[in-house]
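The structure appears right after this line, and notes come after that.
In the numbering used here, the protein residues as written are -13 to 155.
The structure is reproduced here in structure tokens:
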């Protein structure tokens, strides 16, 4: 291995590994939704279950435990019958929420440009079938509609627990 390659590998290991480890934990399909829903204040398990479309009770439980273990959620149990349990963000998770909000803004601003770049890349790749091309796995991403609507939270299907829910009074 060349010295240059070794330095690059060390830089990736030293700088990217901690980031990758953290992102693997908090950027999961359900973790982001849980953090967004809990950012609106203490939230109960059933509220989370209703707010995050498609999550099973088991996956929600596993992700809540993992986020609590990672120091991102506080689980408060009230001594009532039946027990009342609420989840709220820690200060560290509130800081993460601010970063996620910035990321969502970036994604909303650039999603059409990314879709156009993908379409241009795919069109160019289809015009040159003779050239060696890296193998692709999976299917193409669906086209993004041109309409300008506020989507639910990324791909998690999360809606705010305080909004988008019928009044249950």
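Just so you know, even glycine gets a beta-carbon here, dropped at the ideal spot from N, CA and C.
- Beta-bridge pairing by DSSP links residue 72 to 30 and 62.
- Relative to residue 77, the option among 60, 35 and 86 whose CA is nearest is 60.
- The Cβ atoms of residue 83 and residue 21 lie closer than 8 Å to each other.
- Between residue 35 and residue 46, the C-beta spacing is below 8 Å.
- By the Cβ neighbour-count rule, residue 98 is exposed, with fewer than 16 other Cβ atoms within 10 Å of its own.
- Within 10 angstroms of the beta-carbon of residue 67 lie fewer than 16 other beta-carbons, which makes it exposed.
- When rounded, the separation of the alpha-carbon atoms in residue 15 and residue 49 is 10 Å.
- With 16 or more other Cβ atoms from the protein chains shown falling within 10 Å of its own Cβ, residue 17 counts as buried.
- At a Cβ-Cβ threshold of 8 Å, residue -4 and residue 30 do not count as neighbours.
- Buried is the label assigned to residue 19, since at least 16 other Cβ atoms lie within 10 Å of its Cβ.
- With a contact defined as Cβ atoms closer than 8 Å, residue 23 and residue 37 qualify at about 5 Å.
- Within 10 angstroms of the beta-carbon of residue -6 lie fewer than 16 other beta-carbons, which makes it exposed.
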